[in-house]
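Working notes for the structure below.
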Amino acid sequence: MRSALFLFLTTIFFHTAAFAQTADSSWCRANVAPRINVVPTTETVRYDFAQSKKQLDTFKIDTENPYGSNVITDVGGLMKGGIETKQNASYGIISNPNTDQTCMWISEISVGIKISPLIYIASEYPRGTCEHKAIMEHENKHVEVDRQLVNAYAQLMGQEYFRLLQQKPLYGPFPTAQKDAYAQHINTESVNIFNALVQRMEAERKLRQQQVDNINEYESVQAKCPNGRFAH
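Quick note on numbering: the numbering used here labels position 76 of the sequence shown as 80, and the sequence is numbered without any gaps.
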């Protein structure tokens, strides 16, 4: 009854936008307010009750057996899915041909964090049985952990990007010849925030999912069906 979860980190890229040029002293400024969109999403939980315990035993599981590696357990159920993350960012750019200088700024950052849970319950425990219900309650705890993480880290990402935009609302003016280097620098700053929080989320997820799969929880699940067919 352990969880099988995977993290997928999607490609991050920037879109560029060119704006009109001006030669007055106030030309180096953003002409739009930056936007931050961080959207957490939980897809509808899917279910698969057709796999046997033997088949579920072959699944890769990312939590450890609370009984120890020397104890063989049959997997009665598991939650498989993942936390899928993606980031898109765009920046504005304006150049002054009279001074051969350019200014840039982040105009928008969009982040999506999505979970797509799939709960498996072994076919030996059909719907309507005590075991099926007990396993379902346990696997839903794994789903809830992911849901809480997605919401919490969506908020953290929003806060970190807001801080970045407050500290660095504008880059420049700098020589136009350095435009590509500055674009890479802006990209790196945004990506570093994203990657650091994704890695932190992954580490916390592993810890919290393991906390769900503790001996007391396993024994509690089995105690709900004292005359059932659980075995470990």
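Even for Gly, the Cβ is constructed at its ideal location relative to N, Cα and C. All of these numbers come straight from a predicted model, not from anything done at the bench.
By Cβ distance, which residues of its chain are closer than 7 Å to residue 227, with the 5 residues on each side in sequence left out?
Stepping through the sequence shown from its first residue, residue 227 is reached at position 223. Apart from the 5 residues on each side of it in sequence, residue 227 has no Cβ closer than 7 Å to any other Cβ in its chain.
Option in 116, 108 and 120 with minimal Cα separation from residue 84:
Walking along the sequence shown from the start, residue 84 turns up at place 80. When each option's Cα is compared against that of residue 84, the closest is 120.
With a Cβ-Cβ cutoff of 8 Å, do residue 106 and residue 177 count as a contact?
As a first step, residue 106 is located in the sequence shown; it is residue number 102 there, counting from the start. As a first step, residue 177 is located in the sequence shown; it is residue number 173 there, counting from the start. At a Cβ-Cβ threshold of 8 Å, residue 106 and residue 177 count as neighbours.
In the DSSP assignment, the beta strand (DSSP E) including residue 118 goes from what residue to what residue?
In the sequence shown, counting from the first residue as 1, residue 118 sits at position 114. That run of the beta strand (DSSP E) goes 105-119.
How would you call residue 36, buried or exposed, if buried means at least 16 neighbouring beta carbons within 10 angstroms?
Within the sequence shown, the letter at position 32 stands for residue 36. Exposed.
Alpha carbons only, please: which of 46, 47 and 82 is nearest the one belonging to residue 58?
Counting from one through the sequence shown, the residue named residue 58 turns up at place 54. Checked all of 46, 47 and 82; the closest Cα to residue 58 is 82.
Excluding sequence positions up to five away, which residues of its chain have a Cβ less than 6 Å from the Cβ of residue 197?
Translated into positions along the sequence shown, residue 197 becomes position 193. Closer than 6 Å at Cβ, skipping near neighbours: 164.
Under a three-way DSSP split, which group does residue 218 fall into?
Counted from its first residue, the sequence shown places residue 218 at position 214. DSSP places residue 218 in coil when its eight states are reduced to three.
DSSP-derived helix/strand/coil call for residue 74:
Taking the first residue of the sequence shown as 1, we reach residue 74 at position 70. In this prediction, residue 74 scores a pLDDT of 38, lower than 50, which makes its location untrustworthy; the coordinate-derived value is nonetheless stated afterwards. Residue 74 carries a coil assignment under DSSP once its states are collapsed to helix, strand and coil.
When the distance is taken between beta carbons, is residue 46 closer than 8 Å to residue 151?
Residue mapping note: residue 151 aligns to position 147 of the sequence shown, counting from 1. Residue mapping note: residue 46 aligns to position 42 of the sequence shown, counting from 1. Result yes, Cβ atoms of residue 151 and residue 46 sit closer than 8 Å.
Mind the definition here: the stretch 85-96 touches the stretch 110-124 only if three or more C-beta pairs lie below 8 Å; say whether that holds.
Judged by Cβ distances under 8 Å, the stretch 85-96 makes contact with the stretch 110-124, as three or more pairs qualify.
Rounded C-alpha distance that separates residue 110 from residue 30:
In the sequence shown, residue 110 corresponds to position 106, counting from 1. In the sequence shown, residue 30 corresponds to position 26, counting from 1. Across the structure, residue 110 and residue 30 are spaced so that their CA atoms are roughly 18 Å apart.
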